[in-house]
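Encoded as structure tokens, the structure appears first; notes follow it.
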Amino acid sequence: MAMELSMILRATMVGVAPIALAVAADAAVSVDSEAKVFRLDGGGVTYAFGVDEKGYLQPLYWGPSLAPRDKLSAGAAPELSGFDPAGSVTAQEYPGQGEGLVTEPGLKVAFANGNRDLVLKYQGYRIAGDTVTIDLTDIERPLFVSLRYNIDPATGIIARDATVRNAGTAPVRVDQIASAILTLPNQPDYRLHYFSGRHAAEWTLNTQPVGSALTVLESRRGSTGHQSDPWFAIDRASESAEESGPVWFGALAWSGSWRISVGADNLGRVKIAGGYNPYDFSWRLKPGESLSTPTFYAGYSTAGMGGASRLMHRFQLAHILPGAPAPKLRPVLYNSWEATEFNVNEAGQMRLAEKAAAIGVERFVVDDGWFGARNNDRAGLGDWVVNRSKFPNGLAPLIDKVHGLGMSFGLWVEPEMVNRDSDLYRSHPDWVLYYPGRPRTEGRNQLVLNLARDDVRDHLLKTLDDLLRQNDIQLLKWDYNRNWTEPGWPQMKPEDQQRVYVRYVQNLYYILSELRRRHPGVEIESCSGGGGRIDLGIMRYTDQVWPSDNTDPYDRLTIQDGFTHAYAPAVMMAWVTDTPNWANGRSASLTYRFLSSMQGSLGIGANLDKWTDQDFATAKAMVAAYKTIRETVQRGDLYRLLPPSPGNERSATLYVSRDKRQAVFFQMLHSSMRRDNPLAVALRGLSAEMNYHVRTIDGSSLPAGMPQAASGSYWMTRGVNLLQRGDFVGDALVFEASDRS
Ligand code: DGJ
């Protein structure tokens, strides 16, 4: 245990008595009351902060586990020069914007009389279960901030959030509020990794040095966005690599406008601030009101980017996803969007369902076009009633047919949107986000319903609840195909209109959670024109996500490589679609397309009406093979052995089951270069002692010279040689532990 209990019991701090020591399995929140030091220990990680003699809350440590005897203490920082007063030189765990602060604040406010000086100092702490809450208050005004912390004992991932409460008698305007400020150890050569992207080109991983120029990752779009994602990882250029060295990482659980900033202050201390995006944000906190932030999750790995992502994957499965700690495996699904687009009807969908069932598909999903006057993207959104010319008897005959074929049934919806050409918009033109008298900019011919309004929220909840009551549905594919433009909420007082950024997302989460509560058998997919809304906030309510509309199998390798740095392969839907691909015109064999998609949660989105007998035979074999490795792909540990970076001839990934008894190796050739050079690829994560038999995924013979069985040690040092020639060629090997040699 990190602190002496006797010391803890001799507490003198303002706090809740008796002083508690929270211990959850291998994790602990401990308090050294005398030194005023707080420690979170778990998963091989220590995170510590403390109070200095002036009452500032200071970050003290974040990294590999410290020994219980290691002493930490906070000390007041002196003025550096006339240009740097003490309050700004002091590294603070959650600074108020005041007293000359020149780094990112935790909280920036304006009091009713125009005073904008906020200095937050320690007031006390509380412990409940495994969560420690630190209370801060302004040095003079009754404005309180509570910072909550806990640590996951298995992964060492810390959860932080903040709540501001106005205990005064006049309103206080909140201009900026972070969930947390994180401070890295004072070391050199940090590198920031982050995502960039756009529609059909999400999840590009970027790397740049961390310096004193502030780097801002953000969405100003009202939603998570394709352009970036609320995730970061920071490693050390001189020490870290894919499977080695330190990595600090984090992700914000928020699906609205967000911001994560990274930069070093003038003393070289690297800070990461994450929370609501202050861009166009304002929240007038009335007397007695509180405002809470989303959770900022942050972790540390000693095993490089690979280790960091494996911790994130485990954490999501154990704590974030619906059904955690045992979320359900993803069924193999079929979706006809790329095959039929809006041209869905009962006979066509039934025919596709029969063909899908014949190849082993387990879930059949009807996409856009089944409702209202939805024959193209110019009409119908908002009218969630079955289109009777396409489905004369409603959806029931199709659903019965799908169930009769042994598959579950999924349906596409885009509840937050409305076309002008819809009954809903004709009845409620004021239900959208808009500024009176200004243009209402459309995206894909649609406007965004203002979910921040409770009447809109209630209407959507009832509509979706009715849909699920009237139809035997097992999955909603929840789409969202544009971002905000004129985010007006004219029904509110001007000073309260910018609450829209928070209230909208809170109401979205409310609808999702309420639907799940009322319909526990229904799963949800988060889709936003591909990967525009993927974050730890929406993932609490959604079982799977659609990473990109780009289904080209090679582009998908790069997308999947980026995606898995932050999020689990288990939620990553990956469809096999037709060739040449719509996104880039590239052609690839059906086997290559399957092997690309089998690295996530397998789906099929091709036009089965055009498939040959040979295609069906290949697909049937691949779907059956996927079912033998699905648990390892969706639950196991992922090793990105060779990234599919531009210029790399081939890429390789490895999935190892938790018990290490199965491993699946994928090797994907882009284009062979020069003369055959099948360098060996060493596997990772196996048990050195176990004996592994190897087979090809499709039952074909093993490459010449490859033993049928060998120890984990052999595969991890000698590696595998797979000679591949040509363009876009894929292979997969399955390793099974066996007692036979
Ligand atoms: C965008 C999604 O990403 C696609 O998969 C499809 O559902 C279309 N919307 C339908 O309009």
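Residues 0 to 740 (numbering that gives the first Met the number 0) are what the sequence shown spells out, left to right.
C-beta: ideal position from N, C-alpha, C; glycine also.
Burial state of residue 612 is exposed, judged by a 10 Å Cβ sphere holding fewer than 16 other Cβ atoms.
In the structure shown, residue 550 adopts coil according to DSSP, grouped into three states.
When DSSP states are grouped into helix, strand and coil, residue 626 belongs to the helix group. Using a Cβ-Cβ distance cut-off of 8 Å, the region 657-666 and the region 720-729 are in contact, since at least three pairs of beta carbons, one from each stretch, lie closer than that value.
Across the structure, residue 65 and residue 73 are spaced so that their CA atoms are roughly 16 Å apart.
By the Cβ-count criterion, residue 103 is buried, with 16 or more other Cβ atoms from all chains shown falling within 10 Å of its own Cβ. At a cut-off of 7 Å, the beta-carbon of residue 528 counts as near the ligand DGJ: some heavy atom of the ligand is closer than that. Looking at the DSSP output, residue 522 sits in a beta bridge with 474. Between residue 548 and residue 228, the C-beta spacing is not below 8 Å. In the structure shown, residue 376 adopts coil according to DSSP, grouped into three states.
Here the alpha carbon of residue 693 sits roughly 33 Å from the alpha carbon of residue 579. In the three-state reduction of the DSSP assignment, residue 611 falls in the coil class, being assigned neither a helical nor a strand state. By alpha-carbon distance to residue 562, the top candidate from 377, 137, 135, 250 is 250.
Ranked by how close their Cα comes to the Cα of residue 605, the residues 339, 52, 542 have 339 in first place. Selection 470, 638, 417, 566 evaluated against residue 715 yields 638 as nearest (Cα-Cα).
Non-local beta-carbon contacts of residue 136 in its own chain, meaning distances under 6 Å to residues more than five positions away in sequence, involve 122, 143 in chain order. Put simply, the backbone Cα of residue 622 is about 9 Å away from that of residue 597. If you look at residue 665, you'll find it in the beta strand (DSSP E) that goes 661-670. Nearest to residue 662 by C-alpha distance, out of 405, 733, 674, 618, is 733. Relative to residue 186, the option among 233, 390, 551 whose CA is nearest is 233.
Residue side-chain check: residue 480 places its Cβ nearer than 7 Å to a non-hydrogen atom of the ligand DGJ. Set against 7 Å, the gap from the CB of residue 369 to the closest heavy atom of the ligand DGJ is not smaller. Within its own chain, the residues whose Cβ lies closer than 6 Å to the Cβ of residue 434, once the five positions on either side in sequence are excluded, are 485, 487, listed in chain order.
For residue 483, the shortest separation between its Cβ and any heavy atom of the ligand DGJ does not lie below 7 Å.
Between the ligand DGJ and the CB of residue 548, the shortest heavy atom gap is smaller than 7 Å. In the DSSP assignment, residue 305 falls outside any beta strand (DSSP E) and lies within the alpha helix (DSSP H) extending over 303-314. Fewer than three pairs of CB atoms, one per stretch, sit closer than 8 Å, so the region 289-307 makes no contact with the region 124-140. In the structure shown, the three-state DSSP call for residue 650 is strand.
Note that the C-beta distance between residue 324 and residue 182 is not below 8 Å. In the DSSP assignment, residue 270 is bridged to 182, 262. Residue 63 is bridged by DSSP to 44.
Comparing alpha-carbon positions, the option among 616, 650, 600, 608 lying closest to residue 627 turns out to be 600. Residue 318 has its alpha-carbon roughly 19 Å from the corresponding atom of residue 509. Around the beta carbon of residue 207, fewer than 16 other beta carbons lie within 10 angstroms, which makes this residue exposed. Taking the Cβ atoms as the reference, residue 176 lies roughly 5 Å from residue 106, within the contact range of under 8 Å. In this structure, the CA atom of residue 588 is about 8 Å from the CA atom of residue 727.
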